[in-house]
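Okay, so here's the structure we're looking at.
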Amino acid sequence: MHLREGEQILKVFHHHPTPYVFNVVKIIIGIFPFFLLLYLFGPTMTDTAYMWGHVIIIGIFVLILKHYSLVYWLDRLIITNQRVIYVNWRYLTMRDEDETELNDIQDIHTKEKGLLAALWIFDYGVFKLQTASHITAITFDDAPDPEGIRHYIYHIKPN
Numbered sequence: 000m001h002l003r004e005g006e007q008i009l010k011v012f013h014h015h016p017t018p019y020v021f022n023v024v025k026i027i028i029g030i031f032p033f034f035l036l037l038y039l040f041g042p043t044m045t046d047t048a049y050m051w052g053h054v055i056i057i058g059i060f061v062l063i064l065k066h067y068s069l070v071y072w073l074d075r076l077i078i079t080n081q082r083v084i085y086v087n088w089r090y091l092t093m094r095d096e097d098e099t100e101l102n103d104i105q106d107i108h109t110k111e112k113g114l115l116a117a118l119w120i121f122d123y124g125v126f127k128l129q130t131a132s133h134i135t136a137i138t139f140d141d142a143p144d145p146e147g148i149r150h151y152i153y154h155i156k157p158n
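Following numbering that gives the first Met the number 0, the numbering of the sequence shown begins with 0 at its first residue and continues without gaps.
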């Protein structure tokens, strides 16, 4: 992402931490069957093989967790004085950049968790930005306070 001449970054939004914590818990729960299998086959293994089994499972778990964490936290929605840019990392080696001019924004849709959105821990949702072509230009999942982002953009958007 390169800024244009006279362009300034006004605000940067990252994903909300609550969905990240929920997904990390899912990953942790998903690793337990492997430890259970290792425990069940433990009596038939040597002590060294049993120890290496644990090391390999923990190593794979750490790699998966690091990859997921980096991809999740590298995603960001950047609002400048001229445009809105969404940087979406699909993998550590592949990212997408979507951008739209502030003047081209026609509609912004937000979706939150209902009454639970009044609590900060559940104040996240989907932020969708549409341009004049009625094609969704930017979709930012797990956005922190999507309604606040919408009001911020409408506040800085030139008429």
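Glycine included, C-beta positions come from ideal geometry on N, C-alpha and C.
Buried versus exposed call for residue i [16 or more other C-beta atoms within 10 Å across all chains shown]
i: Pro32; result: exposed
i: Tyr38; result: exposed
i: His1; result: exposed
i: Ile28; result: exposed
i: Phe126; result: buried
i: Tyr90; result: exposed
i: His14; result: buried
Under the three-state DSSP convention, the category residue i falls into
i: Met44; result: coil
i: His14; result: coil
i: His108; result: strand
i: Met0; result: coil
i: Asp140; result: strand
i: Leu91; result: coil
i: Leu118; result: coil
i: Glu100; result: strand
Cut-off 6 Å between Cβ atoms - residues of its own chain near residue i, not counting five sequence neighbours on either side
i: Trp88; result: Val70, Leu73, Asp74, Arg94
i: Thr135; result: Lys127, Gln129
Neighbourhood of residue i by C-beta distance below 8 Å, restricted to the same chain and skipping five residues each side
i: Ala131; result: Asp103, Gln105
i: Tyr153; result: Ile107
Same chain, Cβ closer than 7 Å to residue i, five either side skipped, listed in chain order
i: Lys112; result: Phe121, Gly124
i: Asp144; result: Asp122
i: Tyr19; result: Tyr71
Residues sharing a beta bridge with residue i, DSSP
i: Lys127; result: His108, Thr138
i: Val83; result: Ile78, Thr99
Closer than 7 Å: residue i CB and nearest the ligand GTP heavy atom
i: Ile134; result: In terms of ligand content, the structure shown is empty, and the ligand GTP therefore cannot be addressed.
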